[in-house]
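Heads up, the thing below is written out as structure tokens.
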Amino acid sequence: MLYDTARIVGSRVGRVLYRPTVEGLEHIPATGPVVLAANHLSFCDSVVIPLAVPRRVRFLAKAEYFSGTGLKGRLSRAAFTSLGAVPVDRGSGGGALEALEIGLRRLKDGEVFSIYPEGTRSPDGRLYRGRTGVAHLALTSGAPVVPVGLSGTERIQPIGARLPRIAPVTVRFGAPLDFSAGYGHLRTGRARRLVTDEIMAAVQRLTGQEEAGTYNDRTSGE
């Protein structure tokens, strides 16, 4: 109920303030597990996607957002919980593995799980090379991958900005990509690399971003 209420209120407020353009919602299956693979431009991407998608979306958020104290800590915890966020300790050595295990559990439960293959926000607006965790989710779960292209969110809350600004936003959902068969003859690493590259190519077609050709530095984003 909290999620539904937050989504309804947030969607209405967002439509009034930002007048977002949302395309391709018909590509999101009405039921069953789905991986949403999106580019990452701003902190607010994790707000925009859940508000745009008609189904409940699960995504990972830093554990610090759930562990704060005082009024600010309670508000942060309530906000991220209402949006469907799942806390993960990204500073621990097993953080990446834990994140993938959380994603697989959510997909096994038939949920929608959102991930940023770039790993962290783009510091310059370019699309960085995808890390293969998204392919691990797709190949292990058999869930379809819906590519997501975000544009304009970097102007709402640029890196370092504390308060959001008003700017037009576009969210495009591409046709689902099916990786449930056809990769069994390949080595695991090769299969994951091919799948990840295909997903990132689909994202790039939605956004038109310049491709950086390298991995994003995890220390440069959120």
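Numbering-wise (full-length UniProt numbering), the sequence shown opens with residue 1 and increments by one.
Ideal Cβ positions, reconstructed from N, Cα and C, are used throughout, including at glycine.
All values derive from a computational prediction rather than experimental measurement.
Top-ranked residue by Cα proximity to residue i, from the options
{"i": "Arg126", "options": "Ile28, His27, Ser42, Thr31", "result": "Ser42"}
{"i": "Gly184", "options": "His136, Gly213, Pro164", "result": "His136"}
{"i": "Ala38", "options": "Gly68, Gly213, Gly130, Arg192", "result": "Gly130"}
{"i": "Gly110", "options": "Ala96, Arg55, Ala191", "result": "Arg55"}
{"i": "Ala175", "options": "Thr31, Gly73, Leu36", "result": "Leu36"}
{"i": "residue 223", "options": "Glu198, Phe59, Phe80", "result": "Past the edges of the chain, shown from 1 to 222, lies residue 223, and the structure says nothing about it."}
{"i": "Leu107", "options": "Ala138, Pro117, Tyr116", "result": "Ala138"}
{"i": "Arg162", "options": "Cys44, Glu23, Ala191, Gly32", "result": "Cys44"}
{"i": "Ile199", "options": "Gly68, Pro164, Ala167, Tyr116", "result": "Tyr116"}
{"i": "Gly189", "options": "Val134, Leu177, Arg165, Leu104", "result": "Val134"}
{"i": "Gly208", "options": "Pro164, Val57, Ala96, Tyr128", "result": "Tyr128"}
{"i": "Arg105", "options": "Ala191, Glu118, Arg74, Ala143", "result": "Ala143"}
Proximity below 9 Å, CB of residue i to CB of residue j
{"i": "Ala85", "j": "Ser46", "result": "yes"}
{"i": "Ala63", "j": "Leu25", "result": "no"}
{"i": "Thr170", "j": "Pro50", "result": "no"}
{"i": "Val195", "j": "Val112", "result": "no"}
{"i": "His40", "j": "Ser151", "result": "no"}
{"i": "Thr153", "j": "Val48", "result": "yes"}
{"i": "Ile28", "j": "Phe179", "result": "no"}
{"i": "Val57", "j": "Ser114", "result": "yes"}
Beta-ladder partner(s) of residue i, from DSSP
{"i": "Thr170", "result": "Thr21, Ser151"}
{"i": "Val57", "result": "Val112"}
{"i": "Pro117", "result": "BP columns for Pro117 are empty, so no partner."}
{"i": "Pro87", "result": "Ala61"}
{"i": "Glu211", "result": "Leu127"}
{"i": "Ala38", "result": "Val148"}
{"i": "Leu177", "result": "Val145"}
Alpha carbon of residue i to alpha carbon of residue j, nearest angstrom
{"i": "Ala61", "j": "Arg187", "result": "31 Å"}
{"i": "Glu210", "j": "Gly70", "result": "42 Å"}
{"i": "Ala78", "j": "Gly182", "result": "42 Å"}
{"i": "Asn216", "j": "Asp124", "result": "10 Å"}
{"i": "Thr30", "j": "Gly213", "result": "Checking the displayed sequence, the identity of residue 30 turns out to be Ala instead of Thr. If I take the Cα positions, the gap works out to 34 Å."}
{"i": "Gly68", "j": "Val88", "result": "14 Å"}
{"i": "Lys72", "j": "Phe59", "result": "21 Å"}
{"i": "Arg192", "j": "Thr120", "result": "19 Å"}
{"i": "residue 224", "j": "Gly32", "result": "Within the shown structure, residues of the chain are numbered from 1 to 222, placing residue 224 beyond reach of any answer."}
{"i": "Pro168", "j": "Ala96", "result": "33 Å"}
Interface flag, residue i vs chain C, CB-CB below 9 Å
{"i": "Gly70", "result": "The displayed structure is made up of one protein chain only, and chain C is not part of it."}
- Stretch-stretch touch, CB-based, cutoff 8 Å, three pairs: the segment 146–164 with the segment 94–103: Taking a cut-off of 8 Å on C-beta distances, the segment 146–164 does not touch the segment 94–103, as fewer than three cross pairs fall below it.
- Does the segment 194–205 come within contact of the segment 137–152, defined as at least 3 CB pairs closer than 8 Å? With the cut-off at 8 Å, the segment 194–205 and the segment 137–152 touch.
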